[in-house]
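Visitor: Residue numbers (the working numbering): 1 to 625.
One structure coming up, written as structure tokens, with questions to follow.
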Amino acid sequence: MGLLHCGSQARAAEKSYLAELQQRAAEGRLAERREWRVLLHYRRNALGDGVISDADDPRFFLAPEGKTDPAAELAATLAAFFSTAPVGAQPQSAQCAFVARYAWLRQVLGFDPRRMSVQACEDYTRWKAELDAEAATFVFTSAYLNNPASLFGHTLLRLDRRRESTSTPLLAYAVSYAADDRGATGLMYGIKGMTGGFAGYFELQTYDQLVRNYSDIENRDIWEYRLNLDAEQLARLVEHLWELRGVRFDYYFFSENCAWQLLTLLEVADPSLKLSDRFAAWVAPPDVLRLIDAEPGLVGGVTARPARGSAIRRRYAALDVHERGLARAMLSDLSHLDQPDFRALAPDRKALLLDLALDLRQQGRPATRGNDGEASPADEGMHHLLSARSAIGQTPSGFKVEPYAGRPEVGHASRRAGLAVGHRRGEHFIELNARASFHDLLEADAGYAPEAAIELLGASVRYHPDTGNTRLNALTLIAIESLPPFNPLLPRPAWRAQAGWAPTARRNCSGCLAFGAEASAGGAIETRWPWRILWFVLPGLEYELAANQPRAGLGLGAGLIAEPALGWKLSARVTRTAYQWGDRSEETRWTLAQHYALKRDLAVRAEWAQSGGGHAVSVGLQFYF
């Protein structure tokens, strides 16, 4: 009876203390505090009359209505702290499953350990010790056109370990947020990505694994932004990461993506930051970096980690004609290292050639041939190159490998709106245009890969004052163009793909808006006189549907993009298409355009276009935001 009596007394005391804590929390309106809102990932709902959590896993909430009711979730959380029943995505007691919530509520409410049992969280303690986090670094990887989820780049957060220098962070852990897209391909991949059909999860990986994949395999430049987080802020971040293990979020390519979710992590670390409030329906990784960089005192320093492909291109570009010939010869026969042509080179030029050869080896080039004509093992070739490089012992003078993609935060914002005036067939018009994202080849290269363009959801509307008519002129769903100049050491095709609605030049439907799609592939070369000029040829297939009459055929596009001065670009294109299926016809289209950046987020653009439907001329301003 005594034990039962003592037990009932203890339960009554705990119940009384819980009621006291819940009352104090309600009176202090803790559920409205930003610290609580960011821990539960709450934000304004679509109607603006309440909140909703980005977390979509019911195991993340302790109240049935916790996803939309911060007060109910706080009361349920306090109640769960008095229990040892397993909860959460990784079932364990509430004190151990939600360590960040517990730490904050203990701080603001002053938990009395005499009236509330403190539970040992050994798993969390071991996990935290393994991370050994002393600092955090925000990491951006440049765009990767072969993966739709990485068209605009990717962001992650690196947790830098104690006693590890900033120059050797590869043993650190990286936090990434990614979609579980297994089994999704083609059109379904895009549909699910845009509608939240994928589950998104926070993951921990070793940083060296990610660098190998991004830099060495996918050839993506990496930028590292050291964050100025104090010990308390970093501790809050680590505690919350523990709470997020295995928690499901709905993944959206253009909103609740990697960039958005990492912003929410930074707000947990420092609730005074209100970074996510700056975005509504569209979040692009480069825009997030511009926001972080502009936040006073948040970024301590920036480090570039060029991709191996960037290193190969930079080193090859630094060679003269004779040295390039030697480089190509060394790809198939390392015996050239012992030839007089190579031995006659200055030590710094030898070092440059050997560094290039080593990069190519690690890029996965095929095994070389020995003097006997038999294939030599790859490791034997590497050993030969390393021995030769070690014997020189110096770096090429005045040479530094830089990423090909510029620092993303210095580039223009991804969203664009424009106002232009012009005429078509003698009829004047005023044009309003807009683009959700991202970058085209005429825009300034600062912050972007210089030969890649990605445009998504662009539209233009024209008002004709002579007639008073207003109509949709064009609607672009997606347009992707990649024009890497030919490099014999790292050959890549030039290609283009686009889909959307644009005016057609058909004789029986001139000016009609037609749906069109194009896919083409070819090659590009680069010249440097009198300016940097990119020349390209792109044969491909075109499809068009207008007035319920489809047509398709083979097309050949060619043109150039020139850069006479920094921020000033010119382009000329011609496309000849022979429509051989459906409405048989031939069509030639000419376009000339120039773009001049007045400031980072302001530019002037002039265009001239000629087709079977006549010509159009326009000039206007482009605003980026």
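Backbone N, C-alpha and C define an ideal beta-carbon position, used for all residues, glycine too.
DSSP has tyrosine 579 in a bridge; who is on the other side?
Guide: Note: tyrosine 579 sits in a beta bridge opposite Gly553 and Ser585.
Visitor: Excluding five sequence neighbours on each side, which residues of the same chain lie with their C-beta closer than 6 Å to the C-beta of glutamate 586?
Guide: Excluding positions up to five away in sequence, the list reads Ala578.
Visitor: Hey, how far is the Cα of leucine 626 from the Cα of valine 268?
Guide: Residue numbering for the chain in the displayed model covers 1 to 625; residue 626 lies beyond these limits and cannot be assessed.
Visitor: Among the residues of its own chain, which have a CB less than 7 Å from the CB of glycine 266, if the five just before and after it don't count?
Guide: A quick correction: the sequence has leucine, not glycine, at residue 266. If we look at leucine 266 and ignore the five residues flanking it on each side, its Cβ neighbours are Leu273 and Leu275.
Visitor: Going by Cα to Cα distance, which pick from Ala178, Gly309, Asp466 and Ala420 is closest to leucine 489?
Guide: The option with the nearest alpha carbon to leucine 489 is Gly309.
Visitor: Once you ignore the five residues that flank leucine 602 on each side, which residues in its own chain have a CB closer than 8 Å to its CB?
Guide: Here the set comprises Leu621, Gln622, Phe623 and Tyr624.
Visitor: Using DSSP bridges, identify the partner residues of phenylalanine 249.
Guide: Its beta-bridge partners are Ala55 and Gly200.
Visitor: Taking buried to mean at least 16 other C-beta atoms within 10 Å of its own C-beta, is alanine 135 buried or exposed?
Guide: Under this definition alanine 135 is a buried residue.
Visitor: How many whole angstroms separate the CB atoms of leucine 241 and valine 175, which I take to be in contact at a CB cut-off of 8 Å?
Guide: That belief holds up - the Cβ atoms of leucine 241 and valine 175 are roughly 6 Å apart, short of 8 Å.
Visitor: Going by beta carbon distance, what residues of the same chain come within less than 6 Å of valine 118, once the five residues before and after it are set aside?
Guide: Nothing listed; no residue qualifies.
Visitor: Given a cut-off of 8 Å, decide if alanine 100 and arginine 236 are closer than it, judged by their beta-carbon atoms.
Guide: It is a contact, given that the beta carbons lie within the stated cut-off.
Visitor: Which residue's Cα is closest to the Cα of leucine 171: Leu131, Gly406, Leu354 and Asp221?
Guide: Comparing Cα positions, the closest option is Leu131.
Visitor: If we require 4 or more residues per run, which alpha helix (DSSP H) segments fall completely within the stretch 67–104?
Guide: Counting only runs of 4 or more, we get 70–80 and 94–97.
Visitor: By Cβ distance below 7 Å, which residues in the same chain neighbour arginine 220 in space, the five residues on each side in sequence not counted?
Guide: Closer than 7 Å at the Cβ level, and outside the excluded window around arginine 220, lie Thr141, Ser142, Tyr144, Tyr214 and Ala307.
Visitor: Between glutamine 498 and alanine 474, is the Cβ-Cβ spacing less than 8 Å?
Guide: Contact: no.
Visitor: Quick one, are the C-beta atoms of leucine 289 and glutamate 455 less than 8 Å apart?
Guide: Not a contact, by the Cβ cut-off of 8 Å.
Visitor: I need the straight-line Cα distance from glutamate 239 to aspartate 181, nearest angstrom please.
Guide: Near 27 Å, if we compare the C-alpha coordinates of aspartate 181 and glutamate 239.
Visitor: Just the Cα atoms here: how many angstroms apart are histidine 428 and valine 421?
Guide: If you take the alpha carbons of histidine 428 and valine 421, they lie about 8 Å apart.
Visitor: Which residues bound the beta strand (DSSP E) around glutamine 498?
Guide: Here the beta strand (DSSP E) through glutamine 498 covers 494–503.
Visitor: Alpha carbon to alpha carbon, how far is glycine 631 from phenylalanine 515?
Guide: This structure does not reach residue 631, given that the chain is present from 1 up to 625, and the question cannot be answered.
Visitor: Measuring CA to CA, which of Asp466, Arg424 and Pro530 is closest to serine 611?
Guide: Closest option to serine 611, Cα to Cα, is Arg424.
Visitor: Expressed to the nearest angstrom, what Euclidean distance is found between the alpha-carbon atoms of alanine 129 and glutamate 323?
Guide: Taking the straight line from one Cα to the other gives about 51 Å.
Visitor: Can you list, in chain order, the residues of its chain with a C-beta nearer than 7 Å to that of histidine 595? Leave out the 5 residues immediately preceding and following it.
Guide: Here the set comprises Leu442, Glu443, Lys569, Ala603 and Arg605.
Visitor: Three or more beta-carbon pairs under 8 Å between the stretch 205–214 and the stretch 104–116, yes or no?
Guide: No, because fewer than three Cβ pairs between the stretch 205–214 and the stretch 104–116 fall closer than 8 Å, the two stretches do not touch.
Visitor: For valine 211, count the other beta carbons within 10 Å of its own beta carbon; 16 or more makes it buried, fewer makes it exposed. Which is it?
Guide: By the 10 Å Cβ count, valine 211 comes out buried.
Visitor: In angstroms, rounded to a whole number, what distance separates the CA positions of cysteine 121 and threonine 84?
Guide: For cysteine 121 and threonine 84, the distance between alpha carbons rounds to 11 Å.
Visitor: Give the DSSP-derived three-state secondary structure of arginine 29 in the structure shown.
Guide: Arginine 29: coil per DSSP, three-state reduction.
Visitor: In its own chain, which residues sit with a C-beta less than 8 Å from the C-beta of methionine 194, not counting the 5 before and 5 after it?
Guide: These residues qualify, in order along the chain: Tyr252, Phe253 and Phe254.
Visitor: Could you check whether the Cβ of arginine 471 sits closer than 7 Å to any heavy atom belonging to the ligand MG?
Guide: What this structure holds is no ligand at all, so the ligand MG is not there to describe.
Visitor: Could you name the residues of the same chain whose beta carbon sits closer than 6 Å to that of lysine 192, not counting the 5 residues immediately before and after it, in chain order?
Guide: Answer for lysine 192: Ala184 and Phe198, listed in chain order.
Visitor: Helix, strand or coil, according to DSSP, for proline 340 in the structure here?
Guide: It is helical.
Visitor: Looking at the unbroken beta strand (DSSP E) that takes in arginine 415, where does it start and where does it end?
Guide: Run containing arginine 415: none; DSSP gives neither H nor E here.
Visitor: Would you decide whether histidine 615 is buried or exposed? Buried here means 16 or more other CB atoms lie within 10 Å of its CB.
Guide: Exposed: under 16 other Cβ atoms inside 10 Å.
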